[in-house]
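Protein chains in written order, with the numbering used here: chain A, 1034 to 1225; chain B, 660 to 860.
No residue lacks a Cβ here, since even glycine has one placed at the ideal position from N, Cα and C.
Computed from a prediction, not measured in an experiment: that's the story for all the values here.
Right, one structure below, let's go through it.
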């Protein structure tokens, strides 16, 4: 892969991630989910790495370009995405810090009774190997999958053809997330 | 949207907040549309929305500051201010992208990036035979039924930005939509009149 292609791939990933981060950040606040807020924090670190990578690659590419200044907008686009992800982190941080958020922030979403969280898919789970079309999670257990984390990669807004694999982490919204946890083979801690 | 003095700002903090969030998200979508299609008019709209968002932010801050009656409330209110500042930062980033479009400084690689990303932007031309014609966006509910968010409509020489639910689709409209490539391709077929039903899940 040459520098040009590598830069393009990094920027595509950055654009996808920054959009996902904004979604997740607002969701973490709306559902008061520390879990998701932490996910945003981890993604923010990834974005920093990607930004640095794009900048370095662009400088290398500049050596070969007749008009190196034409590459400036590429660095600008990386910066724009990094700033959006920083802002997403700034939103999620409200949930992570010690001070309790203002009640109005909850009130913004008081109509929703949904829960948002991360669910890990275990080896023996019935979900493994099935597509979202087969599972029909929205109609069967009232659960929407916002993203699938597979290793360090994210599939966000997964489509009907996407298949669930062992060790996937599902980021999901549901009226009862325990149902998904059960299907995923997770031990459910009963609260007293 | 010429005179901001006449702009109605929602009354309570909650509604201002929601308006700020929606505006910032719309700005990002429009900024990428402007970059993809090299449409300066869209870029200019982004800059106007940026001014609007500043006004919303100002009103939000005034209300937030007024609401604090003691130390604990003041501490809690910092969370509102932090969130407003973050939304404002998103809008600034979108505005900077719009400025790059106006200055014609975009490298061709940026077009490739927008087209290859998970959620991309597409132009959907509505033919007279399409079932979309004559229906409102509310009736069509394209985000649910097609996975596409309509962020702007080009009608003749005029732009309708952030069309509301009552907006009726007319033959010849060009819809600017955000969605995955699959979703946009599907809507294009519907708009061409090839697909005669719109799916309901």
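Shown here, residue 1160(A) sits in coil according to DSSP, grouped into three states, outside any helix or strand.
Counting C-beta atoms within 10 angstroms of its own C-beta, residue 1084(A) has 16 or more neighbours from the protein chains shown and is therefore classed as buried. Per DSSP, the continuous alpha helix (DSSP H) segment holding residue 739(B) begins and ends at 730–761. Residue 1105(A) belongs to the set of residues whose beta carbon lies under 9 Å from a beta carbon in chain B. In the three-state DSSP reduction, residue 700(B) falls in the helix class (H, G or I). At a cut-off of 9 Å, the C-beta of residue 1134(A) has a neighbouring C-beta in chain B. From the beta-carbon of residue 1168(A), no residue of chain B is found nearer than 8 Å; the closest lies around 13 Å away.
No Cβ of chain B is located within less than 9 Å of the beta carbon of residue 1153(A). Contact between residue 1194(A) and residue 1158(A) fails: their C-beta atoms lie close to 19 Å from each other, not under 8 Å.
A Cβ-Cβ contact shorter than 9 Å links residue 748(B) with residue 1120(A).
Residue 1055(A) reaches chain B at 683, 684, 687 and 749, counting residues in chain order whose Cβ is nearer than 9 Å. Scanning chain A for C-beta atoms nearer than 7 Å to the C-beta of residue 718(B) yields nothing, as the closest lies near 14 Å away. Residue nearest to residue 1079(A) within the set 1090(A), 1134(A), 1170(A) and 1046(A) is 1046(A) (criterion: CA-CA distance). The Cβ neighbour count for residue 1166(A), taken over all protein chains shown within 10 Å, is under 16; the residue is labelled exposed. Along the segment 1109–1192 of chain A, the alpha helix (DSSP H) occurs as fully enclosed runs of 4 or more residues at 1136–1140, 1165–1168 and 1170–1174, listed in sequence order.
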